[in-house]
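Below, the structure written as structure tokens:
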């Protein structure tokens, strides 16, 4: 029996058996089927990309990630989630992004591609809020300790060196569960992420400090799942896209798809 993950009426995930054995879902007669048994991988990818492009034009994070994954032969070594206006911020933060990736992925991180997004409020989303609150509490305690035991200039220098890592096992949808942007973000990152926090600025006059949060992980797919999507806004219509992740693994072996590292960067102000 397949494991069911029915996340609303427009997205369903089944694990444990192939598409041919699933009988309870209504599939459109002209649905796009991305299946392992299909022979022409390039043609399948091009058809899927046309569907994905609709999502990307709507600002879909999951669409951007999937398109990047399926563009192994043509993509840049790093991209900024389609938001060219953030190049300046990337050059300010790239060193720290490379450093945190090496901490968890070792020297393999140097050979991987990077897809980076800026401006996501991670401190309000699911388990990341719990982890972020824990970090901020730690930072506040350390800030008070540094100002109490060190001279002001030295304390500020030490405070800017403060950082923490937390594992985020599952980013639950704690608010706005039916909001497209929230669900879309969930689909993009999956589970098993890491959260990094760093105090990068402090203002003793206003008793405030800024934290840069980075949610990061490797973007990849399992080998035994089937996904069903509805591209139509009418939830009562049949599913129009079916994807076996085994097909993605086949694309990887053919050099047409490739995992990469995702980074979602957020900055927040706190008071101590």
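In the working numbering, the protein residues as written are 56 to 327. Where a beta carbon is used, it is the ideal one built from N, C-alpha and C, also for glycine.
For the beta strand (DSSP E) that residue i lies in, which residues bound it at each end?
i           : result
residue 86  : 82–89
residue 158 : Counting along the chain, residue 158 falls outside any beta strand (DSSP E), though it belongs to the alpha helix (DSSP H) covering 142–160.
residue 171 : 169–173
With 16 as the cutoff for other CB atoms within 10 Å, does residue i come out buried or exposed?
i           : result
residue 75  : exposed
residue 233 : Low confidence applies here, because residue 233 scores a pLDDT of 48, under 50, leaving its location unreliable; read the following figure in that light. So residue 233 ends up on the exposed side.
residue 113 : exposed
residue 264 : buried
residue 155 : buried
Determine the direct distance from the alpha carbon of residue j to that of residue i, and round the result to whole angstroms.
i           : j           : result
residue 59  : residue 70  : Model confidence at residue 59 stands at a pLDDT of 45, short of 50, so the residue's coordinates are unreliable; what they give is reported in the following sentence. In a straight line, the C-alpha of residue 59 is about 7 angstroms away from that of residue 70.
residue 238 : residue 284 : 13 angstroms
residue 81  : residue 99  : 21 angstroms
residue 188 : residue 279 : 36 angstroms
residue 83  : residue 118 : 21 angstroms
residue 262 : residue 130 : 44 angstroms
residue 208 : residue 260 : 13 angstroms
residue 90  : residue 150 : 39 angstroms
residue 127 : residue 206 : 51 angstroms
Name the two residues that bound the continuous alpha helix (DSSP H) containing residue i.
i           : result
residue 123 : 116–124
residue 68  : Not the alpha helix (DSSP H): residue 68 falls in the beta strand (DSSP E), residues 66–70.
residue 263 : Note, residue 263: premise wrong, no alpha helix (DSSP H); beta strand (DSSP E) at 263–274.
residue 100 : 96–112
For residue i, which option in the options has the closest C-alpha, if you only look at C-alpha atoms?
i           : options               : result
residue 246 : 258, 252, 262 and 224 : 224
residue 325 : 302, 193 and 241      : 193
residue 158 : 202, 221, 214 and 296 : 221
residue 171 : 248, 197 and 120      : 120
residue 276 : 242, 106, 327 and 216 : 242
residue 165 : 301, 152 and 184      : 152
residue 251 : 244, 67, 319 and 180  : 319
**Study point:** beta strand (DSSP E) runs wholly inside the segment 186–231, at least 3 long, in chain order
**Key:** 218–225
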